[in-house]
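Trainee:
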């Protein structure tokens, strides 16, 4: 049973940076693509960034492209999200998720709160 645990959230001023981390349990972490999602207050959960199993391909939502960077360390079984030039609209609970073989995200962490003040 894979478990995902996020960390690194917090309160930051607009223009600041945060780095989120997601630690995975289980032996097959390197075989799966991973993603970050977020859910802002009163909003639907939305995709933020994804990374293929090898780490060689990454993709981003338009709202964060150029400001956020996703990376992974398969040896440490972690996936990270470096967030720069944060904006108040980035305020949300951020979730780490594993992409299944079927292409859907089937395993989720508990989330970590990111709050950006103006």
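In my numbering, the protein residues as written are 129 to 246.
Just so you know, even glycine gets a beta-carbon here, dropped at the ideal spot from N, CA and C.
For clarity, every value in this text was computed on a predicted model and none was experimentally measured.
1. Could you give the distance in angstroms between the alpha-carbon of residue 143 and the alpha-carbon of residue 133?
2. Report the rounded CA-to-CA distance for residue 231 versus residue 192, giving the unit in angstroms.
3. Among residues of its own chain, excluding the 5 on either side of residue 228, which ones have a beta-carbon nearer than 6 Å to its beta-carbon?
4. Within 10 angstroms of its Cβ, does residue 155 collect 16 or more other Cβ (buried), or is it exposed?
5. Along the chain, where does the beta strand (DSSP E) containing residue 159 start, and where does it finish?
6. Have a look at 182, 188, 153 and 151 and flag the residue whose alpha-carbon is nearest the alpha-carbon of residue 175.
7. Taking the beta strand (DSSP E) that residue 211 falls in, what are its first and last residues?
8. In angstroms, rounded to a whole number, what distance separates the CA positions of residue 183 and residue 241?
9. For residue 163, count neighbouring C-beta atoms within 10 Å of its own C-beta (all shown protein chains included) and say buried if the count is 16 or more, exposed if not.
10. Whole angstroms are fine: how far does the CA of residue 246 sit from the CA of residue 223?
11. Would you say residue 210 and residue 166 are within 8 Å of each other, going by their C-beta atoms?
12. Measure from the alpha carbon of residue 177 to the alpha carbon of each residue in 170, 168 and 194, then state which is nearest.
Mentor: Taking the definition as stated:
1. 26 Å
2. If you take the alpha carbons of residue 231 and residue 192, they lie about 22 Å apart.
3. 234
4. Counting Cβ neighbours within 10 Å, residue 155 comes out exposed, since fewer than 16 surround it.
5. No beta strand (DSSP E) holds residue 159; DSSP gives it neither H nor E.
6. Comparing C-alpha distances from residue 175 to each of 182, 188, 153 and 151 shows the shortest one belongs to 188.
7. Per DSSP, residue 211 belongs to the beta strand (DSSP E) from 206-211.
8. 25 Å
9. buried
10. C-alpha separation (whole angstroms): 23 Å.
11. The answer is no: Cβ separation not under 8 Å.
12. 194
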